[in-house]
Amino acid sequence: MAQGKGFGLGLGKMKELAEAFKKAQQVQEGAKQLQQELETMEIQGQSEDGLVVVTMSGNQEPLKVDIKEEALSNGSEALSASVTAALKDAYQKSTDTMRERMEELTGSFGLPGM
81 MAQGKGFGLG
91 LGKMKELAEA
101 FKKAQQVQEG
111 AKQLQQELET
121 MEIQGQSEDG
131 LVVVTMSGNQ
141 EPLKVDIKEE
151 ALSNGSEALS
161 ASVTAALKDA
171 YQKSTDTMRE
181 RMEELTGSFG
191 LPGM
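Here our numbering is used: position 2 in the sequence shown is 82, and no number is missing along the way.
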């Protein structure tokens with residue numbers, strides 16, 4: 081009589097599967113904590129002339145825009161360009177921060193970077 085082979089998962093494979101589930105749960109918990117940290121971060125970007133400063137959360141949610149008085153006297157086109165430059169700077173810094181933190185998270189679990 082032939083012995084059943086089940087699904088072909090030996091004891092070693094079951095242990096690997098259990099470890100994989102454990103690691104996935106740890107990554108999920110780490111991602112949740114990272115999400116909370118990013119929500120509370122304040123990242124600033126500014127125009128080249130420093131007349132406009134945009135503050136975003138680590139999740140790229142705009143929080144506030146500070147415009148110095150002298151930026152108003154430069155005209156609407158220059159002000160628009162300054163606001164756009166500050167937004168782009170804040171967005172880039174936020175994206176870089178998010179990427180770095182995700183790489184730290186995945187690296188701490190021995191996973192390849194994202």
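Built from N, CA and C at the ideal position, the CB exists for glycine as well. All values derive from a computational prediction rather than experimental measurement.
(message) If we require 3 or more residues per run, which beta strand (DSSP E) segments fall completely within the region 126-187?
(response) 132-136, 142-147
(request) Let me know if M94 comes out buried or exposed under the rule of 16 or more other beta-carbons within 10 Å of its beta-carbon. (result) exposed
(message) Between G138 and S188, how many whole angstroms is the CB-CB distance? I'm expecting something under 8 Å.
(response) 18 Å between Cβ atoms; not a contact.
(message) Using a Cβ-Cβ cutoff of less than 6 Å, which residues in the same chain neighbour T164 once the five nearest sequence positions on both sides are dropped?
(response) none
(message) For M194 and E150, I'd like the C-alpha separation in whole angstroms.
(response) For M194, the pLDDT reaches just 48, beneath the cut-off of 50, and the residue's location in the model is therefore unreliable, leaving the point undetermined.
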